[in-house]
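FYI, the numbering for the sequence shown is 4 to 163, going by our numbering.
Positions of the beta carbon are idealized from the N, C-alpha and C atoms, including for glycine.
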Amino acid sequence: MASPPNTPADGVEQTGVDRGCGPSTERYHPYDQANAKRKPPRKVWHHALEKPLFTMLELTTLGTPQRRPIYQASLEAHIDSLGPDFFPVDLKELEPLKGLHAKTCKGMVVGLHHDIWEAHERLLELQRTVGAMPVLIKLIVDFFDIAERGTGKSVVRPSR
């Protein structure tokens, strides 16, 4: 036989606390939070993805609640602008993505955009380093020329 409504099921441990519902009162209490289903915590907003979009002044003056809709709107516009570049796509290629939730897809695009942005920053850093190499080589050669003149001895030069 099934248990009456608002009573604990068989095998559920009962505490001595009256929470306004259950077998002692036989009614449901609207503010009963102890037995309520817990929601998972909200995901933390990842601010690293905002840096390419906002200036440092905007990041410091605008709060996250003001930046969030701007960021989301620009991301959606960016995704919409990418759409025509990637079509026509064969339907067989889209088959694995069938049923994919829109937010999941947007999250994947954001992750890829962030990875590309990091790779681009690294590429620029390497280009700056390579661009500075001739200047560094000239400084090293000048240093060894000065060292030879100052000591009068031959100094072992690094090979080029």
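ask   = For Gly102, which of helix, strand or coil comes out of DSSP?
value = coil
query = In whole angstroms, what is the alpha-carbon distance linking Thr58 and Ala150?
reply = 47 Å
task = Indicate whether Ile73 and Val112 have their beta-carbon atoms separated by less than 8 Å.
result = no
Gly134 versus Arg125 - alpha carbon distance = 14 Å
task = Would you give the residue range spanned by the alpha helix (DSSP H) that Thr63 belongs to?
result = 59 to 64
inquiry  = With the cut-off set at 8 Å, would you say Leu62 and His117 are in Cβ contact?
reply    = no
ask   = Short check: CB of Lys109 to CB of Leu78, under 8 Å?
value = yes
message = For the alpha helix (DSSP H) containing Ala51, name the first residue and the last one.
response = Careful: Ala51 lies outside any alpha helix (DSSP H) and carries neither H nor E.
key: Within the segment 115 to 150, ranges of the beta strand (DSSP E) (whole runs, at least 3 residues)   = none
request  = If I'm right that Pro44 touches Trp120 with Cβ under 8 Å, what's the distance once you round it to whole angstroms?
outcome  = With a Cβ gap of about 28 Å, Pro44 and Trp120 do not count as contacting.
request  = Give the DSSP-derived three-state secondary structure of Pro72 in the structure shown.
outcome  = helix
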